[in-house]
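Chemist: Chains as they are written, first to last, in our numbering: chain A, 36 to 150; chain B, 405 to 517. Beta carbons: idealized from backbone N, C-alpha and C, even for Gly. Provided herewith is a single structure, encoded as structure tokens, for subsequent inquiry.
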């Protein structure tokens, strides 16, 4: 199956700075890459995703970039705010049956934005 | 529109006991998946239910079983509980034809003593 690795495990930034979280994957057939945000004690929620036919996608302060050749994708958060503090997970789908319910998740990055 | 709802939110069991967790999917969704999230880890896929059948399974022993009802709600059962089963159990729903976003519930926090 797919192997998703995520770095760093913790990230501390000053409010207003940028944060970058990187994930690598092993299955070159993977074609959809979501990012989830999980606040303490809350459910994971999708914040942005990208499909393999594009290299970058932006949504206000959040962007995701994809390098299919190197098999990695990254989450970029600009102008960080204290409410961005949470655990962020990347994921890639199972490609054996292209099942969009079976995802392999990274181990998470705990982002702390200091005011 | 109610999202994904799970019950109970917290529960404590002892080793060897059995537990049943419940999930109601988001309105309009027909597919339910269960994930186990150990402390400090990402969610791990347990299995998926569609049309009341288990369609795909992750690397979990047979002690983990499930069920889906005609109204698309689902149960996760774990028998012969081990200490290592302590985790947050997340239910996620989608519509099978849709590709992409998983809608998660708030989870059931299981502690095995």
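Would residue 37 of chain A and residue 139 of chain A be called neighbours here (beta carbons separated by less than 7 Å)?
Modeler: Cβ distance < 7 Å, so residue 37 of chain A and residue 139 of chain A count as in contact.
Chemist: By the 8 Å beta-carbon criterion, what residues does the stretch 460 to 484 of chain B contribute toward chain A?
Modeler: Under the 8 Å Cβ criterion, the stretch 460 to 484 of chain B contributes 460, 462.
Chemist: Expressed to the nearest angstrom, what Euclidean distance is found between the alpha-carbon atoms of residue 91 of chain A and residue 83 of chain A?
Modeler: Those two C-alpha atoms are separated by around 11 Å.
Chemist: Give me the chain B residues within the contact set of residue 103 of chain A, using Cβ-Cβ distance strictly less than 7 Å, ordered along the chain.
Modeler: Those do not exist, as residue 103 of chain A stays about 18 Å from chain B at its closest Cβ, beyond 7 Å.
Chemist: Am I right that residue 50 of chain A and residue 113 of chain A are in contact with their C-beta atoms under 8 Å? What's the rounded C-beta distance?
Modeler: Their Cβ separation, rounded to whole angstroms, is 12 Å, which puts residue 50 of chain A and residue 113 of chain A out of contact at 8 Å.
Chemist: Check distances from the C-beta atoms of the stretch 410 to 425 of chain B to those of chain A and list, in chain order, the residues that come in under 7 Å.
Modeler: Within the stretch 410 to 425 of chain B, no residue qualifies.
Chemist: Can you give, in chain order, each stretch of the beta strand (DSSP E) that sits fully within the stretch 415 to 489 of chain B and has at least 3 residues?
Modeler: DSSP runs (the beta strand (DSSP E)) wholly in the stretch 415 to 489 of chain B: 423 to 428, 435 to 441, 448 to 454, 457 to 461, 468 to 472, 478 to 482.
Chemist: Nearest CA to the CA of residue 104 of chain A: which residue from A:59, A:71, A:45?
Modeler: The candidate whose alpha carbon is nearest that of residue 104 of chain A is A:59.
Chemist: Look up residue 69 of chain A in the DSSP assignment and say whether it is helix, strand or coil.
Modeler: Reduced to three states, the DSSP call for residue 69 of chain A is strand.
Chemist: Looking at C-alpha atoms only, which residue of B:445, B:425, B:437 is the closest neighbour of residue 513 of chain B?
Modeler: Of B:445, B:425, B:437, the residue nearest in Cα terms is B:425.
Chemist: Show which residues of chain B have a CB atom less than 9 Å away from the CB atom of residue 142 of chain A.
Modeler: 444, 445, 446, listed in chain order.
Chemist: Could you confirm whether any beta carbon from chain A is found closer than 7 Å to the beta carbon of residue 452 of chain B?
Modeler: It does: the Cβ of residue 452 of chain B has a partner Cβ on chain A nearer than 7 Å.
Chemist: I need the DSSP call for residue 40 of chain A, collapsed to helix, strand or coil.
Modeler: Residue 40 of chain A: strand per DSSP, three-state reduction.
Chemist: Is there a C-beta anywhere in chain A that falls below 7 Å from the one on residue 515 of chain B?
Modeler: No, its Cβ sits nowhere closer than 7 Å to a Cβ of chain A.
Chemist: How would you call residue 89 of chain A, buried or exposed, if buried means at least 16 neighbouring beta carbons within 10 angstroms?
Modeler: Exposed, because fewer than 16 other Cβ atoms sit within 10 Å of the Cβ of residue 89 of chain A.
Chemist: Of the residues that make up the stretch 42 to 70 of chain A, which ones have a beta carbon closer than 8 Å to any beta carbon in chain B?
Modeler: Answer set for the stretch 42 to 70 of chain A: 67, 69.
Chemist: Any chance you could list the beta strand (DSSP E) runs of at least 3 consecutive residues sitting entirely within the stretch 73 to 130 of chain A, in chain order?
Modeler: Correct list: 80 to 86, 91 to 94, 97 to 102, 107 to 112, 121 to 129.
Chemist: Would you say residue 457 of chain B reaches chain A, if we count a Cβ-Cβ gap shorter than 7 Å as a contact?
Modeler: By this cut-off, residue 457 of chain B is not an interface position.
Chemist: I need the DSSP call for residue 406 of chain B, collapsed to helix, strand or coil.
Modeler: Of the three classes helix, strand and coil, the one that applies to residue 406 of chain B here is coil, per DSSP.
Chemist: For residue 460 of chain B, collect the residues of the same chain with a Cβ closer than 7 Å to its Cβ; drop the 5 residues on either side in sequence, then sort them by chain order.
Modeler: Excluding sequence neighbours, residue 460 of chain B sits near 451, 452.
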